[in-house]
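Just so we're aligned: the sequence shown equals residues 1 to 645 in the numbering used here.
Here the structure comes first, spelled out in structure tokens, and everything after it is commentary.
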Amino acid sequence: MKQLESFIVDFFHAKKINSDCDIINSFAECLELGIIDFMTICDLVEIGSCCSDTDFIIVLMVLFALMREGSVCIDLDKDVFSRIFPENLQEKSVRVVENFLSGLKDGKYAKLIAKSCNDYLPLIIDQSGARQLLYFQKYYFYEKNLKGHFFKMLSTQHAQALTENDIEQMLTQIYSDNLVIRVGKKAFPISADKMQQQAIRLVLTSSFSIITGGPGTGKTSLMVNMLRCLVRAGINVSRIILAAPTGRAAQRMTQAVTTCISSILEPTHNDLALCKLKGSTLHKVLQYQGFSNDFYYRDSNKLPASVVVIDEISMVDLIMLEKVLQAIDISKTKLVFLGDKDQLPSVEAGAVFAEMISDKGNTGAFKNRLVVLKKVYRLGENLLKLAENVNQGLFPLKEHLQFKDAVLMKSDKWAFVKAGKVGKLEKDLICWIKYHYFNSDIDKSYCDLVLKAGEMEEKQLLETEQGKSVLRKIFQIVEKARILSFVRKGFFGCEWINILISRYIANNLDPFKESGKVFSGAIVIITRNDYSKELFNGDVGVILQDSNGVYKAFFPCLEGFIRFHVDLLPAWQLSFAMTVHKSQGSEFDDVMIVLPDDENHRLLTKEIVYTAITRAKKKVIIYGAEKIMQTALSRKIKRQSGLIF
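Below is the structure:
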């Protein structure tokens, strides 16, 4: 911060900006801004001839800070504006916004701020509703268009050929003993849940449907049953598109269809035809064209599809969603949104899905297009109750456990472990590693399996039943446990945790390897899509050294396993620990949630805690300070926008 304060003084002086640097610095301390932000602000006030306007500079600082956090505008209501700052600055912030609005009324910012979208200026003020909202033109344009698309969709109805009797016959058929989807090792038939059947009816009869539910509410099997009914209703499989915001989420859609259909005792030809479907990223579906920075499918060239299903919709940002809706002809294409409204919103600007659905879940413009799944089939009673409490901002007090006791908890249990200094974290991480990767109480530990794989040649690993069995068991262990951190950097960030874990595992599994992140037994995650290799952002693999001493990364796929030399991989990182954002859509038996040590960190919200907890199927360890947990649960992500439905 001292470096930033010095920059503000020096840069403002160089630019001959005559504002009060002390006041600006006092506000800057509360906002997460970078030097580039201030350089842009300086350019704007210079263009607008507002170099001595401290209030305007502070308003711009707030706009940039909120944009960094995913908002698309500032609400200039005095109470809303002042709540951004701590108490000691709230009175000053009220005067700032009052002075700014007064200057705006007098035309002081006419060179920079438009009052109509026909005026081509960097910023625009929207005063059409009860609020006064300040945007950059880009976000105002996309938000306005998005609202237009939604209201057009809500007023459009498909020509409906199906009768209620037709739908009832379909539902009876897909839940019959020979045709029902079965789950789990014991192949239990899924139940004919009332809300899931309501969701299928909605999709069959509506041009636009929204289905939301928490983890374990059966969204995956519902998606497949929905597709089975659509095909039975006469829609050609080739006209169905499965899409998701990330490559990993898209791949999971593909796997879900294949797994569910293969569980049916006597699938029909319509069911088997669905196995041809492959999920794709939204960028791939719309065919992004780098040379024009636009998409092939857009308003003037609609997507040729009868059905588009988008999973993990909460992760789709404002601009991407506008591009999607622009490319869909809702009079010809059914659109289905699937997601969890309580999860983290998109990394980029906007929180559209959360804004579409109120906390009550069934009000607003979308009430007739919405089904909320509530019955939970996966999480145990204790983990479910914890997730519900977190959603309500509550944290049930429990006796703190020692880490070694928490690791040994039975299924459907959770514990809070008090964090200490870095030395304690390292000691506790070793306990975690020994339990999950070096456990001698099981037939073959992760360590044993990695060493066994190292004795085999690549062909033996990939083509023999013995080799494939070793790889399957390795990945079963990989998917059993994960450490989730809120942040990347710092002692409680996933980068440092990965370094500590990899040192210990490398010393035991690959002792002759020189220092570095490539070692036998390294768990890795892909961070950039590579369509040529069919590796996607979020894919998790394992690096293994074969009997010839060559390091290759192995990844599971529908046909078995694929492998690549580590030098040919797209961008990747170690993944014994990962950020909560990266974990969205994944499930693990045991989850360790590491809280940051900064109680004022901007990521501390109940949404991130909820998302982390709901990644676990069996056990949760929350590791940190109780005060920080309480802070997180007292905050809700509030992205400012003009979307009101």
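Glycine included, each C-beta is placed from N, C-alpha and C at the ideal position.
Sequence-distant residues of its chain with Cβ nearer than 6 Å to residue i (five each side left out)
i: Ala-612; result: Leu-484, Val-580 and Ile-593
i: Leu-242; result: Met-253, Leu-277, Gly-279 and Val-309
i: Tyr-135; result: Cys-73 and Ile-124
i: Tyr-551; result: Val-518, Ile-543, Gln-545 and Val-566
i: Gly-624; result: Ala-419 and Leu-595
i: Thr-220; result: Ala-256
i: Ser-583; result: Leu-484 and Arg-615
Per-residue DSSP class, three states only, for residue i
i: Thr-258; result: helix
i: Lys-636; result: coil
i: Lys-487; result: According to the sequence shown, residue 487 is Val rather than Lys. Reduced to three states, the DSSP call for Val-487 is coil.
i: Ile-644; result: coil
i: Asn-362; result: Note that Asn-362 scores a pLDDT of 49, beneath 50, so its modelled location is shaky; the value from the coordinates is reported in the next line. Reduced to three states, the DSSP call for Asn-362 is coil.
i: Leu-167; result: Before going on, a small fix: residue 167 reads as Ile here, not Leu. Of the three classes helix, strand and coil, the one that applies to Ile-167 here is helix, per DSSP.
i: Met-456; result: coil
i: Ser-82; result: helix
i: Leu-179; result: coil
i: Ala-114; result: strand
i: Cys-557; result: strand
i: Lys-582; result: helix
i: Gln-127; result: coil
i: Val-72; result: coil
i: Phe-56; result: helix
i: Val-336; result: strand
i: Gln-545; result: strand
i: Gly-467; result: helix
i: Thr-605; result: coil
i: Thr-631; result: helix
i: Asn-25; result: helix
i: Phe-150; result: helix
i: Leu-449; result: helix
i: Val-224; result: helix
i: Val-550; result: coil
i: Leu-535; result: strand
i: Asp-119; result: coil
Same chain, Cβ closer than 8 Å to residue i, neighbours up to 5 away in sequence not counted
i: Asn-362; result: Confidence at Asn-362 is low in this model, with a pLDDT of 49, below 50, so the placement of that residue should be treated as unreliable; the coordinate-derived value is given next. Counting only Cβ-Cβ distances below 8 Å, and skipping sequence neighbours, we find Leu-370 and Val-372.
i: Phe-438; result: Ser-445, Tyr-446, Cys-447 and Asn-508
i: Ala-571; result: Ile-526, Thr-527 and Arg-528
i: Gly-103; result: Asp-53, Asp-55, Phe-56 and Tyr-109
i: Pro-86; result: Cys-30
Own chain partners of residue i with C-beta closer than 7 Å, once the 5 adjacent residues on each side are dropped
i: Gln-90; result: Ser-82
i: Tyr-142; result: Leu-318, Ile-319 and Glu-322
i: Gly-380; result: Ser-411 and Asp-412
i: Asp-126; result: Leu-133, Tyr-135, Tyr-140 and Gly-642
Range covered by the beta strand (DSSP E) that runs through residue i
i: Leu-134; result: 133–136
i: Gln-197; result: First-last for Gln-197: 194–205, but that is the alpha helix (DSSP H), not the beta strand (DSSP E).
i: Met-315; result: First-last for Met-315: undefined, no H or E at that position.
i: Ile-526; result: 523–526
i: Lys-618; result: 616–624
i: Leu-574; result: 572–574
i: Ile-654; result: The question about residue 654 has no answer here: the residues shown for the chain are numbered 1 through 645.
i: Phe-519; result: Segment: none, Phe-519 is in no beta strand (DSSP E) and carries neither H nor E.
i: Glu-190; result: Checking the sequence shown, residue 190 turns out to be Ile, not Glu. That residue, Ile-190, is in no beta strand (DSSP E); it is neither H nor E in DSSP.
i: Gly-213; result: 208–213
i: Asp-590; result: 588–594
Run of the alpha helix (DSSP H) containing residue i, from where it starts to where it stops
i: Ile-41; result: 35–47
i: Val-357; result: First, the residue type needs correcting, since residue 357 is Ile and not Val in the sequence shown. First-last for Ile-357: undefined, no H or E at that position.
i: Ser-502; result: 494–509
i: Gly-103; result: 87–105
Exposed unless 16 or more other CB atoms sit within 10 angstroms - verdict on residue i
i: Cys-117; result: exposed
i: Pro-304; result: exposed
i: Thr-172; result: exposed
i: Asn-537; result: buried
i: Leu-286; result: buried
i: Val-422; result: exposed
i: Pro-396; result: exposed
i: Asn-391; result: buried
i: Pro-345; result: buried
i: Ala-161; result: exposed
i: Gln-196; result: buried
i: Met-1; result: Residue placement at Met-1 is flagged as unreliable, the pLDDT there being 49, under the threshold of 50; the coordinate-derived value follows with that caveat. So Met-1 ends up on the exposed side.
Within the segment 231–297, ranges of the beta strand (DSSP E) (whole runs, at least 3 residues): 240–244
Complete runs of the alpha helix (DSSP H) confined to the segment 359–447 [at least 4 residues]: 381–391, 403–407 and 422–437
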